[in-house]
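In what follows, a single structure is set out as structure tokens and then discussed.
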Amino acid sequence: MSTPLSKIRNFSIVAHIDHGKSTLSDRLIQETGGLTKREMTEQVLDNMEIERERGITIKAQTVRLDYKARDGETYVLNLMDTPGHVDFAYEVSRSLAACEGSILVVDSSQGVEAQTLANVYQAIDNNHEIVPVLNKIDLPAAEPERVRQQIEDVIGIDASDAVLCSAKTGEGIAEVLEAVITRLPPPKGDRDAPLKALLVDAWYDPYLGVVVLVRVLDGVLKAGMKVRMMNAGVTHQIDRIGVFKPKQTEVPELGPGEIGYITAQIKQVADAAVGDTITDEKRQTATALPGFRVAQSVVFCGLFPVDAADFEDLRAAIGRLRLNDASFTYEMETSAALGFGFRCGFLGLLHLEIIQERLSREFDLDLIATAPSVVYKIGLNDGSEMELHNPADLPDPVKIATIAEPWIKATILTPDEYLGSVIKLCQDRRGEQRELSYVGSRALVVYDLPLNEVVFDFYDRLKSVSKGYASFDYAIEGYRVGNLVKMSILVNAEPVDALSMLVHADRAEARGRGMVEKMKDLISPHMFQIPIQAAIGGRIIARETVRALRKDVTAKCYGGDMSRKRKLLDKQKAGKKRMRQFGKVEIPQEAFIAALKMDAD
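Numbering (my numbering), first residue to last: 275 to 875.
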């Protein structure tokens, strides 16, 4: 018999990056005896090596804890630890849909940050009950009273009974658990109704196949049942049912309000679409759940192997990563300069960086990534519209009526003394200010910015102008038509497709000049002169020349008539001209990488 509804609490932990979510999860697992002291490690739920190394959470993780409360009753707590970074907001939205309440963790020395706001508003949109927890009270810089006031002023939720704790020392952890039981609502559900369960997540296990994380709303899930995925329209037979404690533990059934996993011999993660509704094949539920928005790729870039012979290894590696990360997309592409590779779509720059690092680390691949670009909407003269992922594929300008680019609403929290630098940075990136208000001693700036200007290095620049104190969060707002042009880089009159990009007409010249100056230093001299040009259509906007290596052909002429030397020099000149006509310019791989990393300023 599954646990009665009144004894279940489903909650997620939301917070800004580095405010102590994963450490708090560790303490809760330890306090409830989920793992013995010997089995405990730092960040139990961050099981990817890259998560531990960077100290960030990438995948939302679930754990079921049995807690004996002060009233003598035993409760089942289903905890979801969620990522804090803006790129993984999609993971957060899925976790929140499976819970009734949230613990809002705020660092009592730092206070409310941009991502705290974004995640807590997402929780409020899901009708969550919220328990504020002020973490890190053991720090000398902790100011719980100030932060309490800040939560009320900025977020607008009552923080008078916020729980004070230190996830590092374990102080106040018992109070957090009691608050979860007394202040968060139990789930609702009907055991006798037809089965209705939400597919929250799916990942690939080499031994079990696809493992599916489910939240049961009505009915009961049992092993051996035939279930139907309503959106996909496929039927599977359940092999095993279990829960994470945090180790996988098999159970006979999952009742209403419970969160656990099932395996059903599903071969690919793509067959278990996140947000689908699972129901009984024989006794189906009348209506499917609303599900989630499909994750939209925001940033695109090409990934190519440094050694063309590694292409098949790259194909296999990307296929395996895709099994566990349904939010990243890819398709094959070829480039004259770089050979065969893949055009990949990501949720943001950190997501791109993580995927790249996992490919090189877990599969030992050397990769080149082209400049990150966004999806443009091209309006053609015949009234049709197309999406452009790669600037090199831009149609003939004569056929184009409009080019629209995606814009974002960016929320930046920064200490007052860096406000000027932050505003200048946003203005330089074609930003439009929406609002400016104060949260205590910090400024809250809201800007509309073109995503094209943000994907290059906006985040890095923001951190450097604010000495690391500014926090940044964004949401896609929609498309706007802009005065955009395609800038090509020509090396020895040959266009290099991997370096072409769409830029705003006002900034094209500066961008082009910076690019050719950089390329001049990176391409080594050949036996002939190499012109490097930036062009918009047929108009050259910047040029640099790599000087030729020169052999002294007149060295053997001692004195004598000048015409003899002239003849030798003219012969050399004609040879160089012919060489330049047929010679291939070797562009080293480092030149591509360095040119793409170029600071846009």
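Here a beta-carbon is modelled for each residue, glycine too, at the ideal position from N, C-alpha and C.
Closest residue to S382 among A441, R787, T819 (Cα-Cα distance): Against the sequence shown, residue 382 aligns to sequence position 108. When A441, R787, T819 are compared, the shortest CA-CA separation from S382 is found for A441.
What residue does the alpha helix (DSSP H) around E783 start on, and which one ends it? Counting from 1 along the sequence shown, the entry for residue 783 is found at position 509. Where E783 is concerned, the enclosing alpha helix (DSSP H) stretches over 782-796.
As a quick exercise: from E452, L796, E426, pick the residue whose alpha carbon is nearest that of L351. Counting from one through the sequence shown, the residue named residue 351 turns up at place 77. Residue E452 is the option with its Cα nearest to L351.
Would you call M504 buried or exposed, if buried means 16 or more other Cβ atoms sit within 10 Å of its Cβ? Residue numbering aside, residue 504 sits at position 230 when the sequence shown is read from its first letter. In the assembly as shown, M504 is a buried residue. Its beta-carbon has 16 or more other beta-carbons within 10 Å.
Looking only at DSSP bridge pairs, what is V380 linked to? Looking up residue 380 in the sequence shown gives position 106. Paired residues: L408.
Backbone CA spacing between E426 and E691 [nearest angstrom]: By 1-based counting over the sequence shown, the position of residue 426 is 152. By 1-based counting over the sequence shown, the position of residue 691 is 417. Note on geometry: alpha-carbon atoms of E426 and E691 lie some 24 Å from one another.
Considering only residues of the same chain and omitting the five flanking positions on each side of L491, which have a CB-CB separation below 7 Å? On the sequence shown, position 217 is the one that residue 491 refers to. Counting only Cβ-Cβ distances below 7 Å, and skipping sequence neighbours, we find G463, K470, A471, L472, P530.
Run the CB neighbour count on S837, radius 10 Å, all protein chains shown included, and call it buried at 16 or more, exposed below. Here residue 837 refers to the residue found at position 563 of the sequence shown. It is exposed - the Cβ of S837 has fewer than 16 other Cβ atoms within 10 Å.
Name the two residues that bound the continuous alpha helix (DSSP H) containing R735. Here residue 735 refers to the residue found at position 461 of the sequence shown. Element bounds for R735: 732-739.
Can you tell me whether K884 is buried or exposed? The criterion is at least 16 other CB atoms within 10 Å of its CB, across all chains shown. Here the chain has residues from 275 to 875 only, and residue 884 is not among them.
Where do the N-terminal and C-terminal ends of the beta strand (DSSP E) with I552 fall, by residue? For the purposes of this step, residue 552 is taken as the residue at position 278 of the sequence shown. Here the beta strand (DSSP E) through I552 covers 551-554.
Alpha-carbon spacing of V649 relative to V501, whole angstroms: As a working mapping, residue 649 is identified with position 375 in the sequence shown. As a working mapping, residue 501 is identified with position 227 in the sequence shown. In a straight line, the C-alpha of V649 is about 38 Å away from that of V501.
Range covered by the beta strand (DSSP E) that runs through N284: The count along the sequence shown starts at 1 and reaches residue 284 at position 10. Residues 282-288.
Where does N664 fall in DSSP's three states? Position 390 of the sequence shown holds residue 664. Note: N664 maps to coil in three-state DSSP.
For the pair the segment 514-528 and the segment 540-558, tell me if three or more CB-CB distances fall below 8 Å. No: the two stretches stay apart, fewer than three of their Cβ pairs being nearer than 8 Å.
For the beta strand (DSSP E) that contains A675, what are its first and last residues? Taking the first residue of the sequence shown as position 1, residue 675 is located at position 401. Counting along the chain, A675 sits inside the beta strand (DSSP E) bounded by residues 674-689.
Mind listing, in chain order, the continuous beta strand (DSSP E) runs of no fewer than 3 residues lying wholly within the segment 457-509? The qualifying runs are 470-479, 483-492, 500-503.
Can the beta-carbon of V394 be found less than 8 Å from the beta-carbon of V288? Within the sequence shown, residue 394 is the residue found at index 120, counting from 1. Within the sequence shown, residue 288 is the residue found at index 14, counting from 1. Cβ atoms of V394 and V288: closer than 8 Å.
Where DSSP assigns a beta bridge to S711, which residues make up the other side? Your numbering for residue 711 matches position 437 in the sequence shown. Note: S711 sits in a beta bridge opposite L718.
What residues in its chain sit with their C-beta under 7 Å from that of A416, if we drop five residues either side in the sequence? Position 142 of the sequence shown, counted from the first residue, corresponds to residue 416. So the qualifying residues of the chain are S382, S383, K410.
If you follow the beta strand (DSSP E) that G653 is part of, which residue opens it and which one closes it? Within the sequence shown, residue 653 is the residue found at index 379, counting from 1. Counting along the chain, G653 sits inside the beta strand (DSSP E) bounded by residues 650-654.
Which residues bound the alpha helix (DSSP H) around E636? Counting from 1 along the sequence shown, the entry for residue 636 is found at position 362. Run containing E636: 623-636, per the alpha helix (DSSP H) assignment.
Coil, strand or helix - Y743 by DSSP: Within the sequence shown, the letter at position 469 stands for residue 743. Residue state for Y743 is assigned as coil, using DSSP reduced to three classes.
Counting pairs of beta carbons, one from the segment 808-818 and one from the segment 775-787, are three or more of them closer than 8 Å? In this structure the segment 808-818 touches the segment 775-787; the number of beta carbon pairs closer than 8 Å is three or more.
If we count the other Cβ atoms within 10 Å of its Cβ and call it buried at 16 or more, is L723 buried or exposed? Counting from one through the sequence shown, the residue named residue 723 turns up at place 449. L723 should be labelled buried.
Would you grab the beta carbon distance between D587 and D640 for me? Rounded to a whole angstrom, and I think it's under 8 Å. Counting from 1 along the sequence shown, the entry for residue 587 is found at position 313. Counting from 1 along the sequence shown, the entry for residue 640 is found at position 366. That pair is no contact at about 10 Å.
Would you call the CB atoms of K683 and E751 closer than 8 Å? In the sequence shown, residue 683 corresponds to position 409, counting from 1. In the sequence shown, residue 751 corresponds to position 477, counting from 1. Yes; because the gap between Cβ atoms is below 8 Å, this pair is in contact.
Identify the continuous beta strand (DSSP E) that holds T443 and give its terminal residues. Working through the sequence shown from its first residue, we reach residue 443 at position 169. Here T443 belongs to no beta strand (DSSP E), and DSSP marks it neither H nor E.
Would you mind working out which of L487, I291, I552 sits nearest I533, comparing C-alpha positions? The residue given as residue 533 occupies position 259 in the sequence shown. Answer by Cα proximity: L487.
Determine the extent of the alpha helix (DSSP H) in which P418 is found, giving its start and end residues. Counting from 1 along the sequence shown, the entry for residue 418 is found at position 144. 418-424 is the extent of the alpha helix (DSSP H) around P418.
At what residues does the beta strand (DSSP E) containing E617 begin and finish? Counting from one through the sequence shown, the residue named residue 617 turns up at place 343. It is Arg, not Glu, that sits at residue 617 in the sequence shown. Per DSSP, the continuous beta strand (DSSP E) segment holding R617 begins and ends at 613-620.
To the nearest angstrom, how far is it from the Cα of E631 to the Cα of R489? To locate residue 631, count along the sequence shown from 1; it is residue 357. To locate residue 489, count along the sequence shown from 1; it is residue 215. A direct Cα-to-Cα measurement between E631 and R489 gives close to 32 Å.
From this set, Q389, D300, S286, which residue's C-alpha is nearest F746's C-alpha? By one-based count along the sequence shown, residue 746 stands at place 472. Of the listed residues, the one whose Cα sits closest to F746 is Q389.
Nearest-angstrom Cβ-Cβ length linking G756 and I677, presumed shorter than 8 Å: The sequence position of residue 756 within the sequence shown is 482, counting from 1. The sequence position of residue 677 within the sequence shown is 403, counting from 1. About 7 Å separates the two Cβ atoms, so the contact holds.
D292 - DSSP class collapsed to helix/strand/coil: One-based indexing of the sequence shown puts residue 292 at position 18. Reduced to three states, the DSSP call for D292 is coil.
Tell me whether D435 is buried or exposed, calling it buried when 16 or more other Cβ atoms sit within 10 Å of its Cβ. Stepping through the sequence shown from its first residue, residue 435 is reached at position 161. Around the C-beta of D435, fewer than 16 other C-beta atoms lie within 10 Å, and the residue is accordingly described as exposed.
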